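Read in order, the letters of the sequence shown correspond to residues 15 to 241 in our numbering.
Report on the structure given below.
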Amino acid sequence: MFSGSDASSVAAADSVVVIGLGRFGRALALELMANGTEVLGVDLDESIVQEMNGQLTHVVSADSTREEVLQQLAVPEFDRVVVAIGSDIQASILTTSLLLRFNVAHVWAKAVSDAHGTILEQLGVSHVIYPEKEMGRRVAHLVRGSMQDYLEIGDNFSLVKMAPPAAIIGKTLGESRVRSTAGVTVTAVRPLGGTWTYTDEKTIIAADDTILVSGPTNKAEAFSLRR
15 MFSGSDASSV AAADSVVVIG LGRFGRALAL ELMANGTEVL GVDLDESIVQ
65 EMNGQLTHVV SADSTREEVL QQLAVPEFDR VVVAIGSDIQ ASILTTSLLL
115 RFNVAHVWAK AVSDAHGTIL EQLGVSHVIY PEKEMGRRVA HLVRGSMQDY
165 LEIGDNFSLV KMAPPAAIIG KTLGESRVRS TAGVTVTAVR PLGGTWTYTD
215 EKTIIAADDT ILVSGPTNKA EAFSLRR
């Protein structure tokens, strides 16, 4: 039987509670574990808990909408909790409300719709996640251009991994004047078979290089479309 004392032993600085072990919550929890973070996983479905047993630091089948259950699991002692419940909006809202009442320092909550996200924000959640919506936007940008990877890191500002446009191949970045002509910055380069290094004005871009570009999303996308 999983006890509150077991959970207390996990609630260290580098530990996270993940509530809801569906596809998103499971992937998140396993990635955290792979990077050395201890994880307490919570899900109402006993079959999921059995499947995840041994893959997380601790995993338990429990109803996260009940205050006494979260208290028993020592969830208030953690300062980082992710609510990854997607199939039951009411459970997501009730669980999140309890975490905020516990004054958990950092709460991330998955939203399955704009309305769901609005409610979470109104409750006071500072980190509302839209996995499907954000992935859809990301893939849309990848489909349109020659981007190999894309990450939006703020309002209208992105990092893009891409092959270099023909116009800058064989030139130094100083000669190609990418920042002044395209409004983006080539921040790093990786030669074929090599490793990433920072760039400067003397960096010469080769045809088989991969480059990392930062800048306003629309300009980064336009740069990726150059041939």
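C-beta: ideal position from N, C-alpha, C; glycine also.
Just so we're clear, the structure is a prediction, and the values are computed from it rather than from any experiment.
Asked: Ser238 CB to nearest heavy atom of the ligand NAD below 7 Å; Found: In the structure on display, the ligand NAD does not appear, and there are no ligands present to speak of.
Asked: Residues bridged to Ile99 [DSSP beta-bridge criterion]; Found: DSSP lists no partner for Ile99.
Asked: Contact under 8 Å by Cβ, Gly36 with Ala98; Found: yes
Asked: For Val96 and Val32, believed in contact at Cβ under 8 Å, the rounded distance; Found: 5 Å
Asked: Top-ranked residue by Cα proximity to Met161, from Thr51, Gly34 and Phe237; Found: Phe237
Asked: As assigned by DSSP and simplified to three states, the class of Thr217; Found: coil
Asked: Inter-stretch contact (C-beta, 8 Å, three-pair minimum) for the stretch 98 to 116 and the stretch 133 to 148; Found: yes
Asked: Residue from Thr217, Glu166 and Gly207 whose Cα sits closest to the Cα of Gly184; Found: Thr217
Asked: Neighbourhood of Met15 by C-beta, 6 Å cutoff - its chain only, sequence neighbours within 5 removed; Found: Below a pLDDT of 50, predicted positions are generally treated as unreliable, and Met15, at 39, falls in that range; no measurement from the model is reported.
Asked: Same chain only: Cβ atoms within 7 Å of Thr211, ignoring 5 sequence neighbours per side; Found: Ala202 and Val203
Asked: Residue(s) in a DSSP beta bridge with Leu54; Found: Val31 and His72
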